[in-house]
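These notes are about the structure you will find just below.
2 protein chains.
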Amino acid sequence: MDSAIIDAMPKPADTVASNGGSRAPALTDDLSFLLARANAISLAAGNAALATHGLKARSYAVLLLTTDDARPSQREIAEFLRLDPSQVVSLVDDLQSRGLVERRTDPADRRANVVVATDAGRQLAAVARESARSAEEQVHRQLTPNERQTLTALLRILAFPEP
Amino acid sequence: MDSAIIDAMPKPADTVASNGGSRAPALTDDLSFLLARANAISLAAGNAALATHGLKARSYAVLLLTTDDARPSQREIAEFLRLDPSQVVSLVDDLQSRGLVERRTDPADRRANVVVATDAGRQLAAVARESARSAEEQVHRQLTPNERQTLTALLRILAFPEP
DNA sequence: CAGATATCGTTGATATTGTCAATAGTTTCG
DNA sequence: CGAAACTATTGACAATATCAACGATATCTG
Chain A
-15 MDSAIIDAMP KPADTVASNG GSRAPALTDD LSFLLARANA ISLAAGNAAL
35 ATHGLKARSY AVLLLTTDDA RPSQREIAEF LRLDPSQVVS LVDDLQSRGL
85 VERRTDPADR RANVVVATDA GRQLAAVARE SARSAEEQVH RQLTPNERQT
135 LTALLRILAF PEP
Chain B
-15 MDSAIIDAMP KPADTVASNG GSRAPALTDD LSFLLARANA ISLAAGNAAL
35 ATHGLKARSY AVLLLTTDDA RPSQREIAEF LRLDPSQVVS LVDDLQSRGL
85 VERRTDPADR RANVVVATDA GRQLAAVARE SARSAEEQVH RQLTPNERQT
135 LTALLRILAF PEP
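Sequence order for the protein chains is A and B. FYI, our numbering numbers position 35 of the first sequence as 19, with every residue one higher than the one before it. FYI, our numbering numbers position 151 of the second sequence as 135, with every residue one higher than the one before it.
Here you go:
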């Protein structure tokens, strides 16, 4: 069915107590590994849910950004999603060929393309969002609302580091 | 330099208040997206740190698992890391060709290969672990010890769902 | 202002990773 | 025993990542 990428990396097992018996040296306690595995699961669920609409997490994220008032350029999209600019080209190409977004050269900087969702794009984004939301709900159903909020706040610190 | 994968997916922006002004519709508040972005950052840092030792997050994770007393089979490794079994074949091939791990057919089930680190593998794992640890430290330095512990606990719930 | 320097999007080449079906060897189950 | 299920492996193919080079702008510096 669906699978996913995972990339992990461990940590010391110093504080011996946290490990059940004397089992694995690290991975299960490792933040980076857990991050990777949780992401893989979340991503798989999201992709599965979005497939109905001909989207993947990637293209969905781009589409959603283009519905924003901020009118991001391709470079900004690339930075935000941590993608190579050339990958954004492909993603926008695809969405554009389906009539979901448009490229408009930024009047303020004619090198840059501002990507903006069409009406069709906005409509699709809306329904896709609902699918994504319920897929997420499944993945995160083991967490209480409070826990979700805490998790979101902590992840935001990692995802958008200060210095 | 390094870049990384990202895959994201958003959420409703219902609770209007959480958004600064009237900016982005969702992504910054979306758990799945934050998970993806945080993972991308963590992964990039880990890969960079491990490159010194000729490892990536992937191969490092496999190597580390093989230092475990649990003596995982390739199938178990694949499941744990959420990889296709064929990818584990490649990873183990590589590590084995470098003399870091060995394949031993499980006496209890001669279909299965138990993968176990050699002495050299254990040594490398030890030093690589130190590199990974300090890379992680950089990524997570914005979190207090308490926050890290909380985050770990919450992520574990997502990474290893109950039912 | 001119020329050097940097940036944005794009293309294309290349490597890495993901996905899937098919297979031989084993085990398990009826 | 024979059928069905499972393990590792291979190979083919699709998707993604990575990087260098380019034309079109913009910005900077003297």
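Backbone N, C-alpha and C define an ideal beta-carbon position, used for all residues, glycine too.
Practice item. Just tell me which of PRO69(A), ASP103(A), LEU67(A) has its CA closest to the CA of LEU84(A). Key: ASP103(A)
**Study point:** Member of PRO91(A), LEU135(A), ARG95(A) whose CA lies at the smallest distance from the CA of ASN130(B)
**Key:** LEU135(A)
Exercise for review: Taking 8 angstroms as the threshold, find out whether the segment 116 to 133 of chain B comes into contact with the segment 10 to 19 of chain A through three or more Cβ pairs.
Suggested key: yes
**Study point:** Within-8 angstroms CB hit, LEU75(B) to chain A
**Key:** no
Practice item. Could you check what DSSP says for ARG21(A) in three-state terms: helix, strand or coil? Key: helix
Exercise for review: Using the Cα positions of ALA29(A) and ARG21(B), report the straight-line distance between them to the nearest angstrom.
Suggested key: 16 angstroms
Practice item. Identify the contact partners of GLN126(B) in chain A, using a Cβ-Cβ distance below 8 angstroms as the criterion. Key: ILE141, LEU142, PRO145, GLU146
Practice item. Taking 8 angstroms as the cut-off, decide whether the C-beta atoms of LEU39(B) and LEU47(B) are in contact. Key: yes
Review point. Within 8 angstroms (strictly less), CB to CB, does GLU86(A) reach chain B?
Key: No, GLU86(A) does not count as interfacial toward chain B.
Review point. If ARG162(A) sits next to VAL98(A), beta carbons under 8 angstroms apart, how far is it from one beta carbon to the other, in whole angstroms?
Key: For residue 162(A) there is no data in the structure shown, the boundaries of chain A being -15 and 147.
Review point. Could one say the Cβ of LEU120(B) lies closer than 8 angstroms to chain A's Cβ atoms, at least one of them?
Key: According to the sequence shown, residue 120(B) is Glu rather than Leu. For GLU120(B), the answer is yes, since a Cβ of chain A falls inside 8 angstroms of its Cβ.
Review point. Closest by CA to ARG95(A), which one among ARG82(A), LEU67(A), VAL72(A), SER57(A)?
Key: Checked all of ARG82(A), LEU67(A), VAL72(A), SER57(A); the closest Cα to ARG95(A) is SER57(A).
Check your understanding: Can the beta-carbon of LEU142(B) be found less than 8 angstroms from the beta-carbon of LEU138(A)?
Key -> Not a contact, by the Cβ cut-off of 8 angstroms.
Check your understanding: Hey, does THR36(B) have any beta-carbon neighbour from chain A nearer than 8 angstroms?
Key -> no
**Study point:** Boundaries of the beta strand (DSSP E) in which ARG87(B) is found, first to last residue
**Key:** 85 to 89
Review point. Using CA coordinates, which residue listed in GLN80(A), ARG55(A), GLU114(A), VAL73(A) is at the minimum distance from PRO91(A)?
Key: Residue ARG55(A) is the option with its Cα nearest to PRO91(A).
Review point. Interface residues of chain A around VAL123(B) at Cβ under 9 angstroms?
Key: LEU15, SER16, LEU142, PRO145
Practice item. Could I get the ranges of all uninterrupted alpha helix (DSSP H) runs contained in the segment 34 to 75 of chain A, with 4 residues as the minimum, in chain order? Key: Considered as a whole, the segment 34 to 75 of chain A harbours 41 to 50, 58 to 65 as its complete alpha helix (DSSP H) runs of no fewer than 4 residues, in chain order.
Point to revise | chain A contact residues for GLU63(B), given Cβ-Cβ distances below 7 angstroms | key: The contacting residues do not exist; GLU63(B) stays about 11 angstroms from chain A at best.
Review point. Taking 8 angstroms as the CB-CB cut-off, is ALA1(B) touching chain A?
Key: Residue confidence for ALA1(B) is low, a pLDDT of 37 falling below 50, so the modelled location carries little weight; the figure read from the coordinates is stated next. False, the Cβ-Cβ gap to chain A never drops below 8 angstroms.
Review point. CB LEU34(B) to CB ALA110(B), shorter than 8 angstroms?
Key: The answer is no: Cβ separation not under 8 angstroms.
Practice item. For the segment 76 to 136 of chain B, list the alpha helix (DSSP H) runs that are entirely contained and at least 4 residues long, ordered along the chain. Key: 103 to 123
Practice item. Under 7 angstroms between beta-carbons, which chain B residues line up against GLU131(A)? List them in chain order, please. Key: LEU138
Check your understanding: When Cβ atoms are compared, which residues of the segment 42 to 70 of chain B fall closer than 8 angstroms to chain A?
Key -> ARG42, TYR44, ALA45, LEU48, LEU49, THR51, ASP52, ASP53, ALA54, PHE64, LEU65, ARG66, LEU67, ASP68
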